[in-house]
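Residue numbers (this note's numbering), protein chains in the order written: chain Y, 40 to 124; chain F, 277 to 512.
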């Protein structure tokens, strides 16, 4: 199974990268862009066919390593079939 | 009187480890040695230094991988028993990731790697590294980092201030805490903090890079000398 883990800085935590990208988009004329948050996306391949087990493992490893719970939130989701490469 | 025993932990990607060893030897006349990240025996030290650098390439987040090194289990146990730990730059980031110090590091507010001298005001004498300094004393110390924007949630920060856990703040040359004196956007100009007990200290600036006349500045030596004095007091 393949699981996606998304990590973003928590709401309210300053995101210097998102802010800089936001500014750049405005300078490029994308005036409708209201806000940008930069995050990280991990695609994790697991040797299991059990979706619940894969998601549980992904949550555990995200909490332990991929995200720093002091400043970041994460979400996990199963990748659609065929997205394993 | 036996010399102070200092252990500097060497992670893959550390690059200030030798500087820390040399500062410990030359300033504190310490018996200083390196212990690799994959070793567990710290060698009964009086002080553990986590040096600057880019441990594990600073991949994922600065310090995120280093915290899981076998040596860090021993550092955590040592700190738990009241052992003195000093984290410099990447070492500070590792201590935050490991939960041995509160808060976390964000990318510098200006997005750039900043390499220059800054002024640090001593905020408390309660740690072994600031014992012989004066509160309000200003030190000139170099920084060199991209992720030094320390932050914490408001409740955590309030408790830290109550418990006197802010050790250094970025100030201007005359000791005033101004936004312009803050090189990385850290919360409330914080440049260094300690744990609730005061035995674990982390700071972004590099005292080991300004501890000898040869280096053109000796302000950093005051931090190491302070520890040597604290150790003498502790032993007597």
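Ideal Cβ positions, reconstructed from N, Cα and C, are used throughout, including at glycine. No experiment lies behind these values; they were computed from the predicted model shown.
query	result
Residue 327 (chain F) and residue 298 (chain F) closer than 8 Å at C-beta	no
C-beta neighbour in chain B for residue 60 (chain Y), strict 8 Å	Chain labels in this structure do not include chain B; the protein chains are Y and F.
Own chain partners of residue 302 (chain F) with C-beta closer than 8 Å, once the 5 adjacent residues on each side are dropped	487, 488
8 Å Cβ cutoff, residue 94 (chain Y) in contact with chain F	no
Proximity test, Cβ basis, 8 Å: residue 119 (chain Y) and chain F	no
Meets three-Cβ-pair contact criterion under 8 Å: the region 284 to 292 of chain F and the region 109 to 122 of chain Y	no
Any 3 or more C-beta pairs closer than 8 Å across the region 80 to 87 of chain Y and the region 42 to 49 of chain Y	yes
Against chain Y: residues of the region 378 to 392 of chain F by CB proximity under 9 Å	378, 379, 380, 381, 382, 383, 384, 385, 386, 387
Helix, strand or coil at residue 335 (chain F) according to DSSP, with G and I counted as helix	coil
Residue 285 (chain F) vs residue 360 (chain F) beta-carbon contact at 8 Å	no
Cβ pair residue 419 (chain F), residue 392 (chain F) closer than 8 Å	yes
Alpha-carbon to alpha-carbon, residue 106 (chain Y) and residue 354 (chain F)	26 Å
Residue 402 (chain F) at chain Y interface by Cβ criterion, 8 Å	no
Beta-bridge pairing of residue 376 (chain F) - partner residues as DSSP gives them	Answer is none; residue 376 (chain F) lacks a bridge partner.
Per-residue contacts from residue 337 (chain F) into chain Y (C-beta, under 8 Å)	107
Separation of residue 75 (chain Y) from residue 280 (chain F), as counted between CA atoms	51 Å
Contact belief for residue 483 (chain F) with residue 417 (chain F) at Cβ below 8 Å, rounded distance in angstroms	6 Å
Three-state class that DSSP yields for residue 387 (chain F) in the structure shown	coil
Cβ-based burial, residue 403 (chain F) [other Cβ within 10 Å; buried from 16]	buried
Proximity winner among F:381, F:491, F:401, relative to residue 55 (chain Y) (alpha-carbon distances)	F:381
Where residue 406 (chain F) meets chain Y, residues with beta-carbon distance less than 8 Å	Under the 8 Å cutoff, chain Y gives no residues; its nearest Cβ is about 25 Å from residue 406 (chain F).
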